[in-house]
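I have placed the structure first, in the form of structure tokens, so that the comments after it can refer back to it.
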Amino acid sequence: MLDIKFVRQNPGAVKENIKRKFQDDKLTLVDDVIALDEQYRAALQQAETLRAARNKGSKEIGALMAQKKLDEANAKKAEIAAMGAELDELAALEKELAAKVRAIMLVLPQMMDDSVPTGKDDSENVELATVGEAKVPDFEVPYHVEIMENLAGVDLDSARKTSGNGFYYLLGDVARLHSAVLSYARDFMIDRGFTYCIPPYMIRSSVVQGVMSFAEMEGMMYKIEGEDLYLIGTSEHSMIGKFIDTLNAKESLPQRYTSYSPCFRKEVGAHGIEERGVFRVHQFEKQEMIVVCEPEDSPAWFEKMLNHTVELFESLEIPVRTLECCSGDLADLKVKSVDVEAWSPRQQKYAFEVGSCSNLGDAQARRLGIRIRGSSEATELDRRSNYYAHTLNNTVAAPPRMLIAFLENHLQASGTVHVPEVLRGYMGGVETLGEKANAT
RNA sequence: GGAAGCGUAUCGAAGUGGUCAUAACGAGCCGCACUCGAAAUGCGGUUGCCCGCAAGGGCACGAGAGUUCGAAUCUCUCCGCUUCCGCCA
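Residue 79 is where the first sequence starts when you use the working numbering, and the numbers rise one by one after that.
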């Protein structure tokens, strides 16, 4: 959400930002909201003037009552009661206008970073870098479900019966690999100064509305029947929500967490839920990182966080590329976003989106009330009022999707799967998966 | 899940329909004084949001709604906390 003052003062820039996102239908909203805001402030002023008069009168009644001047008090009461209707009307108008302004403000996209390339949709995202050697094997790499089945590592038939499409049973070495990757990712981030956290997996609607746009909420979030609770789509939701309505001391920033959680997503409208396998599923697990920081520090944190993920994949010997989200593909709350895509030896392209690093600027902070206490320097001139923090989030590792990339890239011609050095400690020292199966 | 109690500033806590919310009282924190320095003591300061160029005004006592000329105070709903009971990993 933007600052209404910013919109008022920079309508041109706001419109330009909307155009760059190819959301021309929202252009008229800018002038609409400025006009509504003006009406709102006028109504507010009128209502406040009336309230001031009422407060003053009520105080006088109190004084009269104390002096036992009942007649005068009653006369005053009638006088103020007469103002009641007008005040009610103005209060209703004020409320209505405020709601209208907010409704539009929630729909206006966040101002993007200048560095975001202009483009209509995901086809115009821009490759930034490739890391690792993208290999094309000299044998045929099967579909990931087949690789997993060869390791006796997945049971989709049973999952369809118990839960439906988009769910899975992971078994044996594949399940262990799943846990190993998460544990390794956790420690990888702890080593980089992030605090490990296990958050609530359900959150209230007020928090949901703070961390994402309405459209996202509809398409992603599972609601618990009869409760004001939603299953989280990512631990980012709980982790940013953790800071709701806080006024933070400068010294307490940056806040850096790496959080683990299962993630639940409806994937409404996502064509791909029909995709066979575990690429797009209703339930997965994720090691995440989030940062709450000073506004001026968010671009630097963005780079650092992105590098962490790239380095993690490098250490797992999985080639990746970074792909900058273009303006049209960038979610409305985001200032900037870069995806990490893993190499698919089977498809011979970077096919797997395994991470997404985003700078939300003050969008979530403004919705949730995450503020920083301004300097309290003695002199008035140095005194800086309180201001909104910036929030960022990024994937560390999200299996089982990332296991697809893992298995494809580490599959050997023999059908076994190579376990990279860094993961062996989490796999009981195993260097190769599938050897026993081959032997028998 | 049942019962009772509670939710006021950084913390403890008073206020139970108006003259106490720039929130009593106590503590903490910051500054100053005293001191060689410190402790102790004394004095001063110390919530946030909104409108406004300003003067000023409005709002907030967990959240929301209601009663009233007027609500921290009365009523209702919700959220949270504490204690006891029940249940449970």
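Backbone N, C-alpha and C fix where the C-beta goes; we use that ideal spot for every residue, glycine too.
For residue 101, no pairing in a beta bridge is given by DSSP. For residue 329 and residue 466, the gap between their C-alpha atoms comes out near 15 Å. With contacts defined as CB atoms closer than 8 Å, residue 414 and residue 391 fail to qualify as a contacting pair. Residue 190 and residue 420 have their C-alpha atoms some 26 Å from each other. The beta carbon of residue 271 sits closer than 8 Å to those of 334, all from its chain and outside the five residues before and after it, given in chain order.
In this model, residue 430 and residue 359 are separated by some 14 Å (Cα to Cα).
The beta carbons of residue 446 and residue 290 sit no closer together than 8 Å. At the C-beta level, residue 473 and residue 368 stay beyond 8 Å of one another. Rounded to whole angstroms, the gap between the alpha carbons of residue 417 and residue 204 is 10 Å. Taking each of 503, 498, 494 in turn and checking the Cα distance to residue 229, the smallest one comes out for 494. In this structure, residue 264 lies near residue 365, with their beta-carbon atoms less than 8 Å apart. Using a Cβ-Cβ distance cut-off of 8 Å, the stretch 369-377 and the stretch 232-248 are not in contact, since fewer than three pairs of beta carbons, one from each stretch, lie closer than that value. A residue is called buried once 16 or more other Cβ atoms fall within 10 Å of its Cβ, and residue 443 is buried on that count. Here residue 276 is exposed, its C-beta having fewer than 16 other C-beta atoms within 10 Å.
Straight-line spacing of the CA atoms in residue 147 and residue 131 works out to 21 Å. Within a 10 Å sphere around the beta-carbon of residue 336 sit 16 or more other beta-carbons, which makes this residue buried. Around residue 399, the same chain offers 205, 208, 419, 428 as residues with beta carbons nearer than 6 Å, after the five sequence neighbours per side are excluded. As a beta-bridge residue in DSSP terms, residue 449 pairs with 325, 466. Counted as a single uninterrupted DSSP element, the alpha helix (DSSP H) harbouring residue 85 occupies residues 82-87.
Taking the Cα positions, residue 244 is about 27 Å away from residue 505. Rounded to whole angstroms, residue 140 and residue 168 show a C-alpha spacing of 25 Å. Between residue 195 and residue 96, the C-beta spacing is not below 8 Å.
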